[in-house]
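Structure record follows, encoded as structure tokens.
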Amino acid sequence: NEEEIVDAFGEFALGVKPGGVLIANGTDLNVAKVIGKLPADLRCETFGLDKSRPFSKGRDKKCNFYAQNIQLKDELYAFDVYHNGELLGATKITLPGRHNILNALTVVAIAVNAGLPCQQVL
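Residues in the sequence shown are numbered from 1 upward in steps of one, following the UniProt record's numbering.
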């Protein structure tokens with residue numbers, strides 16, 4: 001059931017090794033429940049289709065990574081990627097659906113946190 005899935009994600013999140021980072025969807029209610037219970041020293045970066053985190057309690061009220069200026073052009077989604085309010089650059093994806101923009105933001109968040117230059121990622 002849904003509660004067991006949320007609990008399992010919470011256990012996974014608590015397994016992040018010291019110095020690691022949890023990358024999570026900042027606009028999902030169930031994810032917000034988990035993030036709100038994490039220890040303050042567990043680093044968490046969130047992503048979303050915009051910067052607001054409507055369910056945020058206790059941690060940042062904005063997503064760390066977010067997309068703006070989302071447009072569908074020639075069967076490509078084009079959008080700007082931001083990290084903590086700073087424009088990283090523009091990108092395009094060929095996969096349909098806004099959920100794939102979230103997937104792309106996840107990849108960007110992981111890559112940037114792993115130390116890759118955003119020019120290589122975007």
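Idealized CB from N, CA, C, for every residue including glycine.
{"Item": "Rank N84, T46 and V6 by C-alpha distance to the C-alpha of residue 177 and give the top, closest one.", "Value": "Residue coverage of the chain in this structure runs from 1 to 122, which leaves residue 177 outside it and unanswerable."}
{"Item": "Between the Cα of residue 123 and the Cα atoms of T27, L29, A111 and L14, which residue gives the shortest distance?", "Value": "Residue 123 is absent from the structure shown; the chain starts at 1 and stops at 122."}
{"Item": "Quick check on the DSSP output: the beta strand (DSSP E) that includes G89 runs from which residue to which?", "Value": "E86 to I93"}
{"Item": "Relative to the C-alpha of K73, which candidate in G48, E3 and T91 has its C-alpha closest?", "Value": "T91"}
{"Item": "In the DSSP assignment, find the beta strand (DSSP E) that holds N113 and state where it starts and stops.", "Value": "Premise fails: N113 lies in the alpha helix (DSSP H), R98 to N113, not in any beta strand (DSSP E)."}
{"Item": "Between A78 and I101, how many whole angstroms is the CB-CB distance? I'm expecting something under 8 Å.", "Value": "Not a contact, Cβ separation roughly 10 Å."}
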